[in-house]
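The structure appears below as structure tokens.
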Amino acid sequence: MSYIIERKNNMLGLKEDLYGGLYFLHNWSGLIAITIIIIGLILRKRIYDRVDQLESWKMDVMHRQVSAELQRVKALNLSGETQDKFEHWKETWDHILTRELPDIEEYLFDAEEAADRFRIKYANKNLATVESILTKNEETIKTILKELEDLLDSEKQSRQAIETVTPILKEWRHVLLENQHLYGSAEIRFEKALDEEQQAIEEFYAMCDDGNYFEARQHVEKIKVSLETIGLRIDEFPLLYKKMTRDLPEQIQELKNGIKEMKREGYRINDDVLLTELRDMEKQLKTYISQIEQKDEPAVYDWLQAAEDRIQEIYVMLEKEAKAKHYLENHMDQFTEDVQAASEDFVLTDEEVKTLQQTYLLEGSDLELYENLEKWMHQLEKDHNQLLNSLASVNQTYLSLKEQLELNQGDLKKFKESHVEFRDQVRSIRSDELEAKQVVETKKRALFDLEKRLEKSNLPGIPDYIKKQCTDNHVLIETIQGLLHEQPLNMGQVTTKIKELHSNVDILNEKVQLMIEQAYLTERVIQYANRYRSQYPMLQAKLLEAEQLFYQEHYEEALELSAQALEEVAPGAVQRLEERIELPY
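So for the sequence shown, numbering that gives the first Met the number 0 puts the first residue at 0; every next one is plus one.
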């Protein structure tokens with residue numbers, strides 16, 4: 000503690016320096032000097048305080064109860080890895096006491112001495128080194144104490160663990176003894192495995208007696224895992240053994256008997272291939288039984304699952320074959336009748352088409368559809384005959400024949416739908432002819448009524464474009480009537496002309512209606528405007544021009560000119576006339 004006594008003497012010297020320095024307060028240079036001295040004293044005081052703190056920390060580390068804990072461990076019987084660890088802990092603690100802590104003493108003394116000379120940076124560097132050493136020692140001591148505690152716990156916990164393992168071992172021995180018939184020859188290998196675990200337990204006690212506590216702890220954990228695995232195998236084995244020695248052989252034999260029975264009953268199954276496969280399965284089964292009685296065989300689980308799945312597949316296949324035979328017995332005759340009925344129905348359609356061709360000219364699309372239906376019908380009959388031949392032979396299974404029958408049934412259904420659609424389409428030709436004749440008569444009457452209306456309209460004349468359209472429609476009607484009398488009748492051409500007639504007559508009717516309305520309104524406008532003729536010479540001139548256009552059958556131009564002239568002298572008059580008068584229809 001000599002550096003502490005030295006520090007007190009230095010402090011007395013500082014006081015003397017301070018008193019001497021006060022002499023210079025009468026000028027600025029003295030004041031600056033005093034300020035620097037005060038700052039230096041404060042920094043030096045902080046160094047001294049930190050030295051005291053680190054000294055206390057060092058003393059605390061020095062008095063840790065590491066030696067006492069080491070004595071506790073030394074009381075145990077140590078050897079092997081445990082002895083090596085103990086020696087390492089002891090050497091580490093001795094190094095801290097004899098090397099690390101004395102070095103700290105030197106660093107602290109140097110730091111204080113540097114502070115006395117106001118070498119603050121150097122003093123802080125020494126103190127940082129001391130703090131780093133103490134921190135490292137703290138971590139080292141924590142590690143030693145923890146490992147010491149783990150060692151003491153290992154010995155205790157290992158003995159507790161082994162006490163739980165022993166009853167489990169006895170329990171599994173009891174299970175084997177009580178249920179020997181469930182394990183067969185495998186009971187011997189399980190007993191041997193338990194004997195090995197019993198030997199491992201004895202090795203554990205030997206490790207503890209020798210002081211190998213860490214190795215003993217690891218050893219007991221291995222025993223627990225191993226015993227758990229053995230117990231799982233002992234628990235699962237009876238079910239596995241029963242499946243392989245009883246359940247699966249019974250399933251295979253039952254399936255073999257079923258295959259032979261179905262073959263005798265006439266089912267079309269490849270019994271030779273199936274029976275060979277099942278016999279191979281029985282051989283593999285015997286091999287795996289022998290293997291699992293001797294040792295664990297992980298591959299057996301995958302094989303067993305695959306065998307069970309395959310047996311199930313064969314059962315499903317045989318069931319489908321039985322259902323297919325039943326389906327064919329219930330549906331084949333009906334399908335034969337349906338094909339014959341469809342063929343006879345198509346013959347009637349064929350006769351109907353030939354009759355229609357004598358009267359009507361069928362379009363290319365209709366003929367193409369008919370030819371496709373004819374080919375389709377022939378293919379259906381061909382497929383049906385092939386199905387009958389396959390059914391009579393024994394080369395195909397009922398399942399494949401059922402699938403073929405279902406495809407043919409679906410095809411026949413689609414054919415019937417297309418056949419009905421085609422027949423309705425062809426038969427509509429006659430109704431189209433009757434409808435066309437009725438349309439011609441209707442439009443002919445409408446054209447006649449339109450011409451009568453023109454005659455009764457009292458117009459000065461009928462425009463040439465109206466006359467021409469009337470004539471064109473009469474010609475079109477005669478053309479359609481001529482087409483309707485042709486043999487064979489081309490209904491496609493008739494339909495096109497009918498659409499043209501519809502459009503032409505409707506357009507003509509609209510034009511005539513508009514022309515009559517324009518002419519009637521022109522007369523009313525001129526009559527109303529006559530009251531202003533004497534007052535407006537310009538109006539007089541325009542009305543005369545409008546009248547001239549009216550009598551020249553230019554009714555639209557006459558209406559525009561007269562309405563414009565009237566609006567110039569009487570705005571809104573034309574609109575009032577339109578609202579008050581009723582136009583002829």
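Backbone N, C-alpha and C define an ideal beta-carbon position, used for all residues, glycine too.
Just checking my contact of residue i with residue j at CB under 8 Å: how many whole Å lie between their CB atoms?
i              : j              : result
alanine 323    : leucine 398    : 4 Å
leucine 168    : leucine 193    : 6 Å
valine 504     : leucine 446    : 6 Å
leucine 379    : aspartate 344  : Rounded, the Cβ-Cβ distance is 12 Å, inconsistent with contact.
valine 493     : leucine 482    : 5 Å
isoleucine 233 : leucine 175    : 7 Å
leucine 277    : leucine 254    : 6 Å
methionine 243 : isoleucine 187 : Actually they are not in contact, since the Cβ atoms of methionine 243 and isoleucine 187 sit about 17 Å apart, beyond 8 Å.
How would you call residue i, buried or exposed, if buried means at least 16 neighbouring beta carbons within 10 angstroms?
i              : result
histidine 325  : exposed
lysine 221     : exposed
methionine 537 : exposed
arginine 575   : exposed
histidine 173  : exposed
lysine 442     : buried
glutamate 214  : buried
tyrosine 464   : exposed
glutamate 227  : exposed
valine 129     : buried
methionine 280 : buried
glutamate 320  : buried
Give the straight-line distance between the Cα atoms of residue i and residue j, rounded to the nearest whole angstrom.
i              : j              : result
arginine 245   : tyrosine 182   : 13 Å
glutamine 250  : isoleucine 313 : 11 Å
leucine 390    : leucine 400    : 7 Å
glutamate 137  : arginine 49    : 18 Å
aspartate 301  : glutamate 196  : 29 Å
arginine 579   : cysteine 469   : 33 Å
glutamate 673  : leucine 543    : What is shown of the chain runs 0 to 584, which leaves residue 673 out entirely.
glutamate 170  : isoleucine 140 : 45 Å
threonine 142  : threonine 165  : 34 Å
leucine 560    : serine 533     : 18 Å
glutamate 577  : lysine 451     : 26 Å
asparagine 588 : alanine 340    : The chain is shown from 0 up to 584; residue 588 falls before or after that span and cannot be answered.
glutamate 509  : alanine 562    : 22 Å
aspartate 308  : glutamine 198  : 42 Å
lysine 467     : isoleucine 461 : 10 Å
alanine 572    : histidine 501  : 39 Å
lysine 415     : glutamine 480  : 37 Å
leucine 368    : valine 425     : 11 Å
valine 219     : isoleucine 161 : 6 Å
methionine 261 : alanine 306    : 22 Å
alanine 298    : glutamate 235  : 15 Å
tyrosine 22    : lysine 120     : Confidence at tyrosine 22 is low in this model, with a pLDDT of 42, below 50, so the placement of that residue is unreliable and no value is reported for it.
glutamine 385  : leucine 238    : 52 Å
glutamine 311  : valine 393     : 25 Å
cysteine 207   : glutamine 159  : 13 Å
Which residues mark the beginning and the end of the alpha helix (DSSP H) in which residue i is found?
i              : result
histidine 473  : 463-483
arginine 579   : 572-579
threonine 396  : No alpha helix (DSSP H) holds threonine 396; DSSP gives it neither H nor E.
threonine 182  : For the record, residue 182 in the displayed sequence is tyrosine; it is not threonine. Note, tyrosine 182: premise wrong, no alpha helix (DSSP H); not H, not E.
leucine 247    : 247-263
serine 561     : 554-568
proline 536    : 536-550
methionine 243 : Where methionine 243 is concerned, there is no enclosing alpha helix (DSSP H), given that its DSSP letter is neither H nor E.
aspartate 279  : 270-293
Quiz item: Would you call the segment 469-482 and the segment 564-582 touching, i.e. three or more CB-CB distances under 8 Å?
Solution: Verdict: no, contact absent.
Quiz item: Three or more C-beta pairs closer than 8 Å, one from the segment 289-298 and one from the segment 343-355: is that the case here?
Solution: Not touching, per the Cβ criterion.
Practice problem: Determine contact between the segment 188-207 and the segment 259-266, defined as no fewer than three beta-carbon pairs at a distance below 8 Å. | Solution: Judged by Cβ distances under 8 Å, the segment 188-207 makes no contact with the segment 259-266, as fewer than three pairs qualify.
Quiz prompt | Sufficient close CB pairs (3 or more, under 8 Å) joining the segment 515-526 to the segment 538-549 | solution = The segment 515-526, when compared against the segment 538-549, does touch it at the 8 Å Cβ threshold.
Exercise. Could you tell me whether the segment 325-334 touches the segment 367-374, where touching means 3 or more Cβ pairs closer than 8 Å?
Key: Judged by Cβ distances under 8 Å, the segment 325-334 makes no contact with the segment 367-374, as fewer than three pairs qualify.
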